[in-house]
Amino acid sequence: MDCIFCKIAAGEIPSNKVYEDELVLAFYDIEPKAPVHVLIIPKTHLAGARDVTADNSAVVAHVFEVIPAVAAKLGVTDYRIVTNNGADAGQTVDHLHFHLLGGRVLGEMG
Ligand code: AMP
Ligand code: ZN
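Under the numbering used here, the residues of the sequence shown are numbered 22 to 131, in order.
So this is what it looks like as structure tokens:
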């Protein structure tokens, strides 16, 4: 499958890693929208939030377990977690990912 985030997870495309374990990878977004902008992805391919089921949701729980550690490593206590699902919602990479945004006052959701 021609998926850029699968390739990043496999190490075939380089990324600036923040955290990695057997299930998930966190790396800096290449076009940061905030002073702190990291993406957290499951290493297994799910196209987006729409693909989450009872059979695979453990990896999503694991993403949320590592988020506090990632945030602490980045030095942010206040942050926003965003998942865009579908093109009309702004999803440009069809591999489930969670944006961790922080480092400035983010204001209300647009
Ligand atoms: P979304 O638009 O929600 O699908 O988010 C995709 C994000 O992936 C965007 O914020 C892009 O800047 C980011 N991105 C795309 N390619 C790369 C890459 N090779 N390394 C890091 N971030 C990337
Ligand atoms: Zn993928």
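Every residue gets a Cβ at the ideal spot worked out from N, C-alpha and C, and that includes glycine.
Would you say the beta carbon of Glu132 comes nearer than 7 Å to a heavy atom of the ligand AMP? As shown, the chain starts at 22 and ends at 131. That puts residue 132 outside it, with no answer to give.
Own chain partners of Ala68 with C-beta closer than 8 Å, once the 5 adjacent residues on each side are dropped: Only Asp115, His116 and Leu117 meet the Cβ criterion.
For the beta strand (DSSP E) that Ala82 lies in, which residues bound it at each end? Careful: Ala82 lies outside any beta strand (DSSP E), inside the alpha helix (DSSP H) at Ser78 to Leu95.
Beta-ladder partner(s) of Lys38, from DSSP: Phe48
Contact belief for Val97 with Gly124 at Cβ below 8 Å, rounded distance in angstroms: 6 Å
CB contact flag (Phe48, Asn37, <8 Å): yes
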